[in-house]
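J.:
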Amino acid sequence: MAIEWNIPEEHPGAGWVTGLLAVPGLDPSTGGAIDSEHQVLFKNVNIFDGLMDGLQLRQNVLVQGSKIKTISEAPIEAGTEVLVIEGGGRTLMPGMIDCHCHITLAGDIPDIESDFNHGDVHLNGAVAARHMFLDGFTSARDVGGSPFALKRVIDAGKFLGPRIYGSGAFISQTSGHGDMRARNDPNPTLCKCQDVSNLHRLGFTQIADGRPDVLAAVRQNLMQGASQIKIMAGGGGASKYDPIDTTQYTADEMRAAVEAAEDWGTYVCAHIFTDRAINRFVSAGGKSIEHGFFMSEDVVEMLADKGLFVVPQMWGMSPELFNNPNVQVSKHAAIKALHEKYKMFAPWLLEHKVNIAFATDLLGPIADGVKSRRYEMYWRTQAFGSNFEVLKQLTSTAGKLLAESGPRDPYPGLKGVIQEGALADILVVDGNPLKDFSVLGANERWFTETRPPRPVDTIQVIMKDGHVYKNTI
Ligand SMILES: [Zn+2]
Numbered sequence: 004m005a006i007e008w009n010i011p012e013e014h015p016g017a018g019w020v021t022g023l024l025a026v027p028g029l030d031p032s033t034g035g036a037i038d039s040e041h042q043v044l045f046k047n048v049n050i051f052d053g054l055m056d057g058l059q060l061r062q063n064v065l066v067q068g069s070k071i072k073t074i075s076e077a078p079i080e081a082g083t084e085v086l087v088i089e090g091g092g093r094t095l096m097p098g099m100i101d102c103h104c105h106i107t108l109a110g111d112i113p114d115i116e117s118d119f120n121h122g123d124v125h126l127n128g129a130v131a132a133r134h135m136f137l138d139g140f141t142s143a144r145d146v147g148g149s150p151f152a153l154k155r156v157i158d159a160g161k162f163l164g165p166r167i168y169g170s171g172a173f174i175s176q177t178s179g180h181g182d183m184r185a186r187n188d189p190n191p192t193l194c195k196c197q198d199v200s201n202l203h204r205l206g207f208t209q210i211a212d213g214r215p216d217v218l219a220a221v222r223q224n225l226m227q228g229a230s231q232i233k234i235m236a237g238g239g240g241a242s243k244y245d246p247i248d249t250t251q252y253t254a255d256e257m258r259a260a261v262e263a264a265e266d267w268g269t270y271v272c273a274h275i276f277t278d279r280a281i282n283r284f285v286s287a288g289g290k291s292i293e294h295g296f297f298m299s300e301d302v303v304e305m306l307a308d309k310g311l312f313v314v315p316q317m318w319g320m321s322p323e324l325f326n327n328p329n330v331q332v333s334k335h336a337a338i339k340a341l342h343e344k345y346k347m348f349a350p351w352l353l354e355h356k357v358n359i360a361f362a363t364d365l366l367g368p369i370a371d372g373v374k375s376r377r378y379e380m381y382w383r384t385q386a387f388g389s390n391f392e393v394l395k396q397l398t399s400t401a402g403k404l405l406a407e408s409g410p411r412d413p414y415p416g417l418k419g420v421i422q423e424g425a426l427a428d429i430l431v432v433d434g435n436p437l438k439d440f441s442v443l444g445a446n447e448r449w450f451t452e453t454r455p456p457r458p459v460d461t462i463q464v465i466m467k468d469g470h471v472y473k474n475t476i
């Protein structure tokens, strides 16, 4: 059944209501644990496996239970109950992975800071998760927020969404990037209280100063179900009391976070930009650099030598930022100067073969989030100069980063690749994303895009954990 999304532009919100109800080929009734004998056979597909620059032509793929069982050019024998999907030469690829997002910060940040209650957070987060999933993202590393209730209902098959690797609340020092209090709010470290702001009450942020409080904050997130820990180790663009050049947390506080995470078998990632902060964080045992734009080539080399990860949302380095109404005109000159100074960021990451994972830094109103995700996909192919490179960041390298959660990985198994034995998170796409990224929804317009986002019609099959959720073939 075709759908019509011709919503008048003066009522963009209406597009969202329609879009929620009218995605063709959607089966919202499946989900939860899958029968280990359940089979799906994809016939005649061209495989992008997440690793190789090219397609393996005219293949057949048998999924059984939650895993890929057989890949073969020869016809595959399957049981009589098998669901057959005729690929017709379409591209079969791994489900995409967003390694840096904030699914439950799905609203205007000032509203979340002052007005949102738990209902607002989780209902809006659920809608954002659904859009992410229908854009072909089958896993999400949520590095700050309150995603665990949402994760539980998605895992139980009650709602559409990606697999969620949650960090839980941001862990920040006083006046750090996660300290979003007003100046007149009590300081939780000094008053020994946590009920100090709406973001604390919602479980979005924890202020922790000194080794004992950092240990407790990390353990609190692990208790909630965190797969990895996120700390704020440097200044930010949007926050109030921490200039972007600042280094946050002492070496000992960082080590405390790493020790508590490693005792649970997992790792720490950090919001961080500068050489000074990154060197300190890596010496403390940190594994993943979130954002990281302002690093020197020496630091890039060091990260490559150690096999660590960089997870940048590349729109931060894009000229489209100057069309963003939230970026004040008075800051344009300073941002342009930073873009010029650090223009070698992407080339150096590629040249030194650093592990780069895809990131949107998704947050804010839901429609804006969809637009920024699709713009990021486009802009990234420009910034890194190759569709294949970005596809790798979206699939196999992202899967490698998720696996760093070790025993705290909520979904153990090979991720981000099409291989026998890998988890069956699969897209079938009409077109070849190695040649044309728009078949995955990439859009070169961001703030200049005024139409409400439509479903990506070229993503025709979405499978997660062996379940087919969308099929328009
Ligand atoms: Zn972020």
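Residue numbers for the sequence shown, in our numbering: 4 to 476.
C-beta atoms are modelled at their ideal positions from N, C-alpha and C, and glycine is treated no differently.
Computed from a prediction, not measured in an experiment: that's the story for all the values here.
1. Exposed or buried, what is residue 377 when buried is set at 16 or more other beta-carbons lying within 10 Å of its beta-carbon?
2. Counting Cβ pairs, one atom from each stretch, are 3 or more of them under 8 Å apart for the segment 349 to 364 and the segment 298 to 315?
3. Ordered along the chain, which non-local residues of its own chain (more than five positions away) have a Cβ less than 8 Å from that of residue 111?
4. If you compare alpha carbons, which of 409, 350, 38 is closest to residue 384?
5. Taking residue 61 as part of the beta strand (DSSP E), name the residues at either end of that continuous run.
6. Please name the residue in 191, 276, 408 whose C-alpha comes closest to that of residue 202.
7. Is any heavy atom in ligand 1 found nearer than 7 Å to the beta carbon of residue 179?
8. For residue 203, which of helix, strand or coil comes out of DSSP?
9. Is residue 434 near residue 141, with beta carbons less than 8 Å apart?
10. In whole angstroms, give me the CA-to-CA distance for residue 63 and residue 28.
11. Taking the C-alpha atoms as reference points, what is the distance between residue 71 and residue 408?
12. Skipping 5 residues on each side, what residues in its chain have a beta carbon closer than 8 Å to that of residue 132?
13. Thinking just about the alpha-carbon of each residue, which of 89, 84, 69, 438 is nearest to the one in residue 78?
14. Does residue 41 come out as helix, strand or coil in the three-state DSSP assignment?
15. In the structure shown, what three-state DSSP assignment does residue 342 receive?
16. Could you give the distance in angstroms between the alpha-carbon of residue 348 and the alpha-carbon of residue 301?
17. For residue 196, name the three-state secondary structure that DSSP assigns.
18. Can you give me the start and stop residues for the alpha helix (DSSP H) that residue 395 sits inside?
19. Cβ of residue 364 within 7 Å of any heavy atom in ligand 1?
20. Please give the ranges of any alpha helix (DSSP H) in the segment 372 to 448, keeping only runs that are unbroken, at least 4 residues long and fully inside the region.
21. For residue 296, does the three-state DSSP call read helix, strand or coil?
22. Return the residue from the list 325, 334, 305, 197 that minimises the CA-CA distance to residue 247.
23. Below 8 Å CB to CB, which residues in the same chain sit around residue 386 once its five sequence neighbours on both sides are set aside?
24. Whole angstroms are fine: how far does the CA of residue 224 sit from the CA of residue 257?
25. With DSSP as the reference, please indicate the residues paired to residue 89 in a beta bridge.
26. Tell me the rounded alpha-carbon separation between residue 36 and residue 68.
27. Are the segment 326 to 344 and the segment 389 to 401 touching, with three or more C-beta to C-beta distances below 8 Å?
28. Have a look at 222, 187, 170 and flag the residue whose alpha-carbon is nearest the alpha-carbon of residue 291.
29. Let me know if residue 113 comes out buried or exposed under the rule of 16 or more other beta-carbons within 10 Å of its beta-carbon.
T.: On the basis of the supplied data:
1. buried
2. yes
3. 367, 368
4. 350
5. 59 to 67
6. 191
7. no
8. helix
9. no
10. 22 Å
11. 22 Å
12. 106, 143, 153, 157, 162, 163, 164, 165, 167
13. 89
14. coil
15. helix
16. 12 Å
17. coil
18. 390 to 397
19. yes
20. 390 to 397, 399 to 406
21. coil
22. 334
23. 317, 320, 321, 349
24. 16 Å
25. 46
26. 9 Å
27. no
28. 170
29. exposed
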